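Undergrad: Just so we're aligned: the sequence shown equals residues -9 to 727 in this note's numbering.
We put the CB at the ideal spot given by N, CA and C, even for glycine.
Here the structure is a predicted model, which means the values were calculated and not measured.
I am attaching a structure below and will ask some questions about it afterwards.
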Amino acid sequence: MAKLDEPLHKVLGDKTAKVLAKGLDLHSVGDLLHHYPRRYAHRGELTPLNELADGEHVTVMAEVVKVQGRSLTRSPGYVLEITVTDGTGELKLSFFGRRGSYKPERELSPGTRGLFAGKISTYRPRSGRDQRQLSHPQYKVIAARAGEQAAQEWADEIIPIYPSTKGLDIETIGMSIGMVLDNLDLGSDPMPELTLKRHHYVGLKAAYEGIHRPKDWKELGRAKNRLKWDEAFVLQIALAQRRMAASALPAKARPAIEGGLLDAFDARLPFELTEGQQEVGREIAEDLSLEHPMHRLLQGDVGSGKTVVALRAMLQAVDGGGQAALLAPTEVLAQQHYRSISAMLGDLGQAGQIGGAETATRVALLTGSMGAKARKATLLDIASGAAGIVVGTHALLEEHVQFADLGLVVVDEQHRFGVEQRDALREKVAGGRPHVLVMTATPIPRTVAMTVFGDLETSVLGQLPAGRAQIQTHVVPPEKPAFLARTWERIREEASGGRQVYIVCPRIGEKEGDEGDARPVPPPDEDSAEGTERRSPLGIMEILPRLEELLSGVRIGVLHGKLHPDEKDAVMRRFNAGELDVLLATTVIEVGVDVPNATLMIIMDADRFGVSQLHQLRGRVGRGTLPGLCLLVTDAEAGGKARERLDAVASTTDGFRLSRLDLEQRREGDVLGAAQAGRASSLRLLTLQKDEDVILKARDEATLLVEADPDLAEHPALAAELAALLDEDRTDYLEKA
Ligand code: ADP
Ligand code: MG
-9 MAKLDEPLHK VLGDKTAKVL AKGLDLHSVG DLLHHYPRRY AHRGELTPLN
41 ELADGEHVTV MAEVVKVQGR SLTRSPGYVL EITVTDGTGE LKLSFFGRRG
91 SYKPERELSP GTRGLFAGKI STYRPRSGRD QRQLSHPQYK VIAARAGEQA
141 AQEWADEIIP IYPSTKGLDI ETIGMSIGMV LDNLDLGSDP MPELTLKRHH
191 YVGLKAAYEG IHRPKDWKEL GRAKNRLKWD EAFVLQIALA QRRMAASALP
241 AKARPAIEGG LLDAFDARLP FELTEGQQEV GREIAEDLSL EHPMHRLLQG
291 DVGSGKTVVA LRAMLQAVDG GGQAALLAPT EVLAQQHYRS ISAMLGDLGQ
341 AGQIGGAETA TRVALLTGSM GAKARKATLL DIASGAAGIV VGTHALLEEH
391 VQFADLGLVV VDEQHRFGVE QRDALREKVA GGRPHVLVMT ATPIPRTVAM
441 TVFGDLETSV LGQLPAGRAQ IQTHVVPPEK PAFLARTWER IREEASGGRQ
491 VYIVCPRIGE KEGDEGDARP VPPPDEDSAE GTERRSPLGI MEILPRLEEL
541 LSGVRIGVLH GKLHPDEKDA VMRRFNAGEL DVLLATTVIE VGVDVPNATL
591 MIIMDADRFG VSQLHQLRGR VGRGTLPGLC LLVTDAEAGG KARERLDAVA
641 STTDGFRLSR LDLEQRREGD VLGAAQAGRA SSLRLLTLQK DEDVILKARD
691 EATLLVEADP DLAEHPALAA ELAALLDEDR TDYLEKA
C-alpha cells in the first residue's frame, strides 16, 4: 500500500516514474494524485475543434471520418493522413511510418472515436485555406460500444482529460493514477472530523477517487468541493500560524501619550475625521501600544483619507520616542507625500527651525535622485533620530540607511512592492520588529486580501469624507465625435474658471515603440484578438502639439517617468501651485497625487487601461469640494468587451465593486502576481474569483484551530499536509510574505 510521500518508482516502476518526473515534475504518490484532470469529457461528447489555438498542447476527443495513406515522393516514407471531426470542425492528423501493417492505420478507421493529443500547428495546403493539424499525435481509442452496455450509459461515461505534455504517452497518466488509487493508503484524514461533518465533505480517499475517475458528475462535484476546501484550509492554517508567530515577536510599545505631537496635530486638523478614520485610528493606536509588532493592512477607496490615518499613526510612533518611515512606490508619490505631510504638520514638523513648535519633529525625504550633499545630510538626520518622519522610495531600503529607532513602517500602495521590500525595512530594527502598516492603492476583493495579504490584519475605510463632491464619469466613444470636440472645449472652460485638468495617455510616445515607464496594465481581454491591426496607443508627445494648437493660451505641463526627477518635481510643484492649467501625463500620476483644485480627468485610449487603473486615475479629481468629471476617451466599438469595462467604470464609483469586477476578468496568476507564484501553484482547484465562501469559512476555522492548537500537535495528519504545502520554494515564499 502506498502512502502519499511514497516515491513513484516504488509503485509504478522506474521507467514510468522517470517519464513522470521528467515530463511533469511528479515524484511522489501525492504529486501524482494532485495532478488533476484539466477537464472532463463525456464519451458521447466531442471536443469543439474550431476553438483550438495554434501552438496549443491539446487533448481532444473526436471521431475519425477519413483515412488516407500516401507515399512521400522524395523520401522512402509513408504518411498516413487521418481526418477527425467533432461534427462541425475538422482536424487533420498525420502519422509518418511504413506502408503495410501500420498500427494507426489498423486502429483508426472511420467511425472510431478516440482521444488525440499533441501540439496544434497550422499549415496551408497548396490550394485552399489554412488547416490545423496534429502531427504524429498520441492517441487512445475509446472502446467501441460494448454490446451489453446500454447506449446511454456508454455515452455518459466521464473521461478525464489530463493536461498533455510532450513526450508523455497519452495513457500513462490515467494508468498510473489508477494504479496509485488502487493501492492507496492515506492513513487518517487530515481534516478534523467535525469540520468534515459540518460541511458535509467526503473523505479524502473518496475525493481522490472522485476527481480522477468519477462515476458521475455528482461524485466529481463532491470531490472538487472537498479538495478545494483542503487547499483553502491548509493555506489559511499557514497564514494563521504566521500571524500568530509574527504577533508573538517583541516590539517596542508606542502607546498614545497625552499632550504630544498627535494631540497637537488633532487639535489643528482642518476637518473632522470620518467615523471610519476614527475607528481605524483606534485600532491602530491599540496595536501600537502593544509590545508586539502591528501587521495591519489598511484598505480604503481612492480618496477615503488613508494618508491622514497613516500620519496620525506615525505621530503616535514619534510621540513614543521612535521614528516612522513612509515607503512610497515612486519619486513623484514620495515627493507628494513629503510635501503634503510637511504642509499638514506645519510648525509641528519644523523642529530646530525658526518657528518650529516646541514638541516638533522633523520630516525628511530620501529618494534615489538626491544630490550627494543633500543625501548625506538627510542620512545623518535619519541616523541621529532628528528626523522623526522619513518619507522615501526604495532608496530607504538600502543598507547604509540607518535609523536611530525605527518604530513604524508605513508602506503606501503596497501592490507595487514585493514582500521582500517590506522585510528589508523590518530588518532595520535591532532586537525587535517595527510596527507595520500597509496601505493599498485601490480596494481589493476580500478573497485577495485574505490570501495575498492573509498574514495581515485588515482595516477598512468604508466611507468617503463628508462633503466630498461627486465624480461623474462618461465614455467618449468613437461613434459620437461631437463628444470629443466637447471634451476639448471643457478643458478650456475649466482652465478659464481657474480649475485644473489632467490628461492621461498610455504612452510617452517620444519615439516609435517607446513604452516608457508608464506602460498601463494591459486589460485582461483584447477585442482585436482576431488579428486586426491595432494602432499603437496614444503617446503624450504625440498629442502635445495638437493640444497646444487647440488650447492656445492654456498652460500645459508634461509629466512622465523619463523626465529627470528634478524636472518631475518642478512640474508637480507648478501644477500644485496652480501655475499650470493642464497636466499631460502618463500613469505616473496614477496613485496618490493630490491636487484638490483639479476637476477634470481625461483619459485617452481609456480601453488600454485596466479597471482598477481607471478607477485610480479617476480618483485624482473630485478630491476637494469641487465636483469632478472624468472622460474616458476611446476608439473601442460599442458592444465589445472593452466598452463593457469602460461602461462599468462609468456606472459606479464604488471601488470595492469595481475591484471584484476586475478580479472576475483576470486570470488567477495575474491576481496573485509573480511574487505569489508559489502560492498560486498550490491552488489547483480553488479560485479567488469564485470561491469566496470557501475561503471565508476556511479562514475562520483555521484561525480558531490555530489559536487552540498552534503547532497542530493534536492534528498530526494536517500538520503533515501543511508541511507538504510548505516544502521547497513555497516555504521560501511564505517566509518572505
Ligand atoms: P487616499 O485614501 O486616496 O490616499 P487621501 O488620504 O489622499 O486619500 O485623502 C484625500 C483627500 O481628502 C486629501 O486632500 C485629504 O486631506 C482629505 N481628507 C482626508 N480625510 C478627510 C476628512 N475626514 N474630511 C475631509 N477631508 C479629508
Ligand atoms: Mg493615498
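For Val442, which of Ser486, Arg232, Gly568 has the nearest alpha-carbon?
TA: When each option's Cα is compared against that of Val442, the closest is Arg232.
Undergrad: Please state the DSSP three-state secondary structure of Gln453.
TA: Here Gln453 sits in coil by DSSP.
Undergrad: In the DSSP assignment, the alpha helix (DSSP H) including Gly164 goes from what residue to what residue?
TA: Its alpha helix (DSSP H) spans residues 162 to 172.
Undergrad: What is the DSSP secondary structure of Gly397, reduced to helix, strand or coil?
TA: DSSP places Gly397 in strand when its eight states are reduced to three.
Undergrad: Take every Cβ of the region 257 to 266, pair it with every Cβ of the region 424 to 444, and state whether three or more of those distances are shorter than 8 Å.
TA: The region 257 to 266 is not in contact with the region 424 to 444.
Undergrad: Is there at least one non-hydrogen atom of the ligand NAD closer than 8 Å to the beta-carbon of Met304?
TA: No copy of the ligand NAD occurs in the structure displayed; its ligands are the ligand ADP and the ligand MG alone.
Undergrad: In whole angstroms, what separates the C-alpha of Leu369 from that of Val399?
TA: For Leu369 and Val399, the distance between alpha carbons rounds to 17 Å.
Undergrad: Taking 8 Å as the cut-off, is the CB of Val457 close to at least one heavy atom of the ligand ADP?
TA: Looking at the sequence itself, residue 457 is Gly, so the reference to Val does not match. Under cutoff, so the answer is yes.
Undergrad: Heavy atom of the ligand ADP less than 8 Å from the Cβ of Phe261, yes or no?
TA: Yes; taking the cut-off as 8 Å, the Cβ of Phe261 has a heavy atom of the ligand ADP nearer than that.
Undergrad: DSSP three-state call for Tyr749: helix, strand or coil?
TA: In this structure the chain extends from -9 to 727, so residue 749 is not present and cannot be described.
Undergrad: Is it buried or exposed, Asp120, if we count other Cβ atoms within 10 angstroms and call 16 or more buried?
TA: Looking at its Cβ environment, which holds fewer than 16 other Cβ atoms inside 10 Å, Asp120 is exposed.
Undergrad: Is it the case that the CB of Met429 approaches a heavy atom of the ligand ADP more closely than 8 Å?
TA: Yes.
Undergrad: Could you check if Lys296 belongs to the surroundings of the ligand ADP, using beta carbon to heavy atom distance under 8 Å?
TA: Because some heavy atom of the ligand ADP lies under 8 Å away, the Cβ of Lys296 counts as near it: yes.
Undergrad: Pull up the distance between the alpha-carbon of Leu396 and that of Pro471, whole angstroms please.
TA: About 56 Å.
Undergrad: Would you check if there are 3 or more beta carbon pairs closer than 8 Å linking the region 103 to 112 to the region 125 to 134?
TA: Touching, yes, given that three or more Cβ pairs across the two stretches are closer than 8 Å.
Undergrad: If Arg244 and Gln306 are in contact, beta carbons under 8 Å, what's the gap, nearest whole angstrom?
TA: Right, their Cβ atoms sit about 6 Å apart.
Undergrad: Quick check on the DSSP output: the beta strand (DSSP E) that includes Pro150 runs from which residue to which?
TA: Pro150 -> beta strand (DSSP E) spans 148 to 151.
Undergrad: I need the boundaries of the alpha helix (DSSP H) containing Val601, first residue and last residue.
TA: Note, Val601: alpha helix (DSSP H), 601 to 608.
Undergrad: Would you report the Cα separation of Glu(-4) and Arg203, rounded to the nearest angstrom?
TA: Going by the C-alpha atoms only, they are around 21 Å apart.
Undergrad: Once you ignore the five residues that flank Lys418 on each side, which residues in its own chain have a CB closer than 6 Å to its CB?
TA: These residues qualify, in order along the chain: Phe393, Leu396.
Undergrad: Taking 8 Å as the cut-off, does the CB of Asp291 come closer than this to any heavy atom belonging to the ligand ADP?
TA: Under cutoff, so the answer is yes.
Undergrad: Does DSSP classify Gly659 as helix, strand or coil?
TA: Low per-residue confidence applies at Gly659: pLDDT is 49, beneath 50, and the placement is therefore not dependable, though the value from the model is reported in the following sentence. Looking at Gly659 - three-state DSSP - the assignment turns out to be helix.
Undergrad: Let's see if you can read the secondary structure: which residues bound the alpha helix (DSSP H) around Ile372?
TA: Start and end: 362 to 374.
Undergrad: Does at least one heavy atom of the ligand ADP sit under 8 Å from the Cβ of Thr264?
TA: Yes, Cβ of Thr264 sits closer than 8 Å to a heavy atom of the ligand ADP.
Undergrad: At what residues does the alpha helix (DSSP H) containing Ser486 begin and finish?
TA: Where Ser486 is concerned, the enclosing alpha helix (DSSP H) stretches over 471 to 486.
Undergrad: What does the Cβ neighbour count give for Gln289, buried or exposed, with the cut at 16 atoms within 10 Å?
TA: That one is buried.
Undergrad: Among the candidates Val438, Ile434, Phe106, Glu538, whose CA atom is the shortest distance from the CA of Pro153?
TA: Selected option, being the one with the closest Cα: Phe106.
Undergrad: Taking its Cβ as the centre, do 16 or more other Cβ atoms sit within 10 Å of Asp507, making it buried, or is it exposed?
TA: Only weak support is given to the placement of Asp507: the predicted model assigns it a pLDDT of 44, under 50, and the question is left unresolved by the model.
Undergrad: Residue range of the alpha helix (DSSP H) that Gln226 falls in?
TA: 207 to 238 is the extent of the alpha helix (DSSP H) around Gln226.
Undergrad: Determine which residues share a DSSP beta bridge with His282 and list them.
TA: Paired residues: none, contrary to the question.
Undergrad: Do you know offhand how far Gly250's Cα is from Val308's?
TA: If I take the Cα positions, the gap works out to 9 Å.
Undergrad: Around the Cβ of Pro512, are there at least 16 other Cβ atoms within 10 angstroms (buried) or fewer (exposed)?
TA: Confidence in Pro512 is poor, its pLDDT being 49 and thus under 50, which makes the residue's placement too unreliable to answer from.
Undergrad: What is the rounded straight-line gap between the Cα of Leu783 and the Cα of Arg647?
TA: A question about residue 783 goes unanswered here, because the residues of the chain that appear run from -9 up to 727.
Undergrad: Just mark Met(-9) as buried or exposed, buried being the case when its beta carbon has 16 or more other beta carbons within 10 Å.
TA: Classification for Met(-9): exposed.
Undergrad: Looking only at C-alpha atoms, which of Thr430, Lys242, Val192 sits nearest to Asp291?
TA: Answer by Cα proximity: Thr430.
Undergrad: Hey, is Arg613 close to the ligand ADP, as in C-beta under 8 Å from one of its heavy atoms?
TA: Yes, since a heavy atom of the ligand ADP falls inside the 8 Å radius drawn around the Cβ of Arg613.
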